[in-house]
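Residue numbers (the working numbering), protein chains in the order written: chain L, 1 to 111; chain A, 112 to 223.
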């Protein structure tokens with residue numbers, strides 16, 4: 001598998017439910033970031049977690065990082081129709097180096 | 112809130128033509144990047160730029176590609192002779208080096 005792979009590839013849930021997406025990576029990292037992309041649009045930064053952090057919250061978002069397992073999860077609580085988008089994890093080996101993106105999870109929230 | 116802006120939002124070009132994609136990064140950022148995303152695929156790194164020179168480039172960034180920071184604000188990606196497979200969304204990004212990367216809305220390049 002490649003650096004940064006999300007699962008599931010696609011996820012459909014009812015509005016109000018929680019959505020969990022996972023990301024795995026292969027090499028050591030400095031940080032891991034999650035981005036959202038609405039269809040055909042730009043990448044919106046959601047949250048950054050550094051390698052020495054285990055959990056981070058931002059509004060309805062909760063991100064965990066397990067460096068021993070080289071994995072991260074993104075939890076969106078109380079989902080809304082507007083959360084429908086593709087979600088990508090991206091890893092950085094150093095603070096200012098390129099980001100390596102995962103394959104993405106396409107999330108659909110059913111009203 | 113400061114943002115990265117890209118122009119044009121959509122460009123259609125004939126195969127073999129040169130295109131220049133433009134980006135205005137956030138003003139106090141020091142690191143600049145170009146990424147591309149072929150339709151339905153993952154976002155791929157093309158090149159990073161710091162201190163007026165390329166700091167890293169991917170295998171995709173061959174001799175047909177070049178980047179410039181012609182003045183204090185613009186950051187451009189030039190494709191000299193476009194191919195059909197260059198059709199993609201191209202994203203510019205910038206960062207301070209200590210926080211997240213900020214991405215522009217992208218330029219959709221269609222080569223016909």
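Note that CB positions come from ideal geometry on N, CA and C, so glycine has one too. From a predicted model like this one, the values you see are computed outputs, not experimental measurements.
- Considering only beta carbons, the part of the segment 28–50 of chain L lying closer than 7 Å to chain A consists of 33, 41, 42, 43, 45 and 48, in chain order.
- Nearest C-alpha to residue 16 of chain L among L/34, L/79 and L/56: L/79.
- The continuous stretches of beta strand (DSSP E) do not include residue 151 of chain A, and DSSP gives it neither H nor E.
- The beta carbon of residue 60 of chain L sits closer than 7 Å to the beta carbons of 76, 77 and 78 from its chain, once the five residues preceding and following it are set aside; these are given in chain order.
- Taking 8 Å as the CB threshold, residue 143 of chain A stays off the interface with chain L.
- The bridge partners DSSP lists for residue 22 of chain L are L/7 and L/73.
- Selection A/206, A/174 and A/170 evaluated against residue 113 of chain A yields A/206 as nearest (Cα-Cα).
- Taking the beta carbon of residue 11 of chain L as reference, no residue of chain A falls within 7 Å; the closest one sits roughly 17 Å away.
- With a threshold of 8 Å between beta carbons, residue 107 of chain L makes no contact with chain A.
- Nearest neighbour of residue 26 of chain L by Cα position, chosen from L/74, L/84, L/101 and L/111, turns out to be L/101.
- Contacts with chain L at 8 Å (Cβ-Cβ) do not include residue 123 of chain A.
- The distance from the Cβ of residue 49 of chain L to that of residue 58 of chain L is about 10 Å, inconsistent with a contact at the 8 Å cut-off.
- Taken through DSSP and simplified to helix, strand or coil, residue 197 of chain A comes out as helix.
- When A/154, A/188, A/183 and A/184 are compared, the shortest CA-CA separation from residue 173 of chain A is found for A/188.
- Looking at the backbone, the Cα of residue 154 of chain A and that of residue 21 of chain L are separated by about 18 Å.
- Taken atom to atom, the span from the alpha-carbon of residue 185 of chain A to that of residue 103 of chain L is near 30 Å.
- A direct Cα-to-Cα measurement between residue 193 of chain A and residue 176 of chain A gives close to 9 Å.
- Shortest Cα-Cα distance from residue 127 of chain A to any of A/202, A/215, A/218 and A/191 involves A/191.
- The Cβ-Cβ distance between residue 64 of chain L and residue 73 of chain L falls below 8 Å.
- C-alpha of residue 107 of chain L to C-alpha of residue 118 of chain A: approximately 29 Å in a straight line.
- The beta carbon of residue 167 of chain A sits closer than 6 Å to those of 159, all from its chain and outside the five residues before and after it, given in chain order.
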